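Protein chains in written order, with our numbering: chain L, 186 to 400; chain E, 1268 to 1473.
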């Protein structure tokens, strides 16, 4: 046996051992399976990450959703992935996935483009995740976009952005108004990013207007 | 070139990946061996009785080396695949021709290494009346078998640590294989398509 054949066979075994290649998406529903299979294959051929679609299907099964609802949900995810890819290009699979999640939370294609521009070529997974989180915390889209893009331009780290989103969400969960929570938390981060001179009062307008300030 | 250490996140991820590689059944091994035998391509590959012990040894060790290489190739390919697709695929459809996969992959920009390193995350659920609890989420394709949780010595606290890629993730717990439970300590978010609520974990970039 040629070594290349041997390597190929074992390599294939290693890959296939972890993938359940024949598992149906929705057991017992041939029509839904056919639609989902076609949807995933089309997405893959079009260069979209398929895991978010598969995950949505599996989530639908976990919460016992109707097959027709699962198919519609998967289709919606595929559509958002396509919009995200176009808005964020060039983008990694993680970026596209995060973009689709943000779209599902209420973001727009223009929002995604704004964050891509503000990121300066860096990965946008975390900024988009924080945007989605802010939107889920009932922060209006315009305000959430301004905050995230502003802090991106000012060099906020992913950890700082995640902390901002988590803090706002915690505040809202404990009864605070979304905008009030955002203002308070953004003021703190603004002070951290511009030490020695930028007061909270001075920092807030810069954030609100989306005008970048150099740290 | 620096030597990787056990503390290196890449090395740790490799260890985690290897631990998750499922056992290969005897049937699968038999099928591969039979396929390999059927794929013999030239007389040079036939066993030759006149071959010296030394050459046999070389062939055996070559095969061992090839097997190791294949395992590494499989592991690396799988790791790269998972990194690009962001989560562990538990259910996939029939294989797409490799040329199409290559075209699809070429349309994605490779992420920076620091952006695709999974971060260890601990999840805890306090529940006393349960026989089995597992963590399910978009990071493991909501598979109830992917992340079984361990019960504490007093029996009331279940926990698990899993590596998760950066991003915003929805999850929950599957109790006794049938009951979906949210994390009472976590943020919540409504799924825009199914209308159901899930727990949310934000994972930042390292």
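The C-beta atom is built at its ideal place from N, Cα and C for all residues, glycine as well. Here the structure is a predicted model, which means the values were calculated and not measured.
Item	Value
Inter-stretch contact (C-beta, 8 Å, three-pair minimum) for the stretch 336-344 of chain L and the stretch 1452-1467 of chain E	no
Alpha helix (DSSP H) runs wholly inside the stretch 208-277 of chain L, at least 4 long, in chain order	215-230, 236-247, 252-273
Alpha-carbon spacing of residue 276 of chain L relative to residue 302 of chain L, whole angstroms	12 Å
Residues bridged to residue 1402 of chain E [DSSP beta-bridge criterion]	E:1440
The stretch 276-288 of chain L in contact with the stretch 1440-1453 of chain E per 3-pair CB rule at 8 Å	no
Residues that residue 335 of chain L bridges to, as DSSP identifies them	For residue 335 of chain L, which the question treats as bridged, DSSP gives no partner whatsoever.
Residue 1416 of chain E versus E:1383, E:1440, E:1451, E:1469, residue with shortest Cα-Cα distance	E:1440
Within-8 Å CB hit, residue 326 of chain L to chain E	no
Exposure label - residue 311 of chain L; buried when at least 16 CB within 10 Å	buried
Residues that DSSP places opposite residue 327 of chain L in a beta bridge	DSSP, once it has assigned bridges, lists no residue as partnering residue 327 of chain L.
Chain-ordered chain L contacts of residue 1468 of chain E [CB-CB under 8 Å]	Those do not exist, as residue 1468 of chain E stays about 10 Å from chain L at its closest Cβ, beyond 8 Å.
Neighbouring residues, chain E, relative to residue 318 of chain L (Cβ below 9 Å)	1435, 1454, 1456, 1467, 1469
Given 8 Å, three or more beta-carbon pairs between the stretch 235-244 of chain L and the stretch 254-267 of chain L	yes
Distance between residue 1420 of chain E and residue 466 of chain L (C-alpha atoms, nearest Å)	Nothing about residue 466 of chain L can be read from this structure; chain L reaches only from 186 to 400.
Chain L contacts from the stretch 1401-1433 of chain E (Cβ-Cβ distance under 9 Å)	1403, 1404, 1405, 1406, 1407, 1408, 1409, 1410, 1411, 1432, 1433
7 Å Cβ cut-off: residues of chain B touching residue 1383 of chain E	Here the protein chains are L and E, and chain B is not one of them.
Coil, strand or helix - residue 1455 of chain E by DSSP	strand
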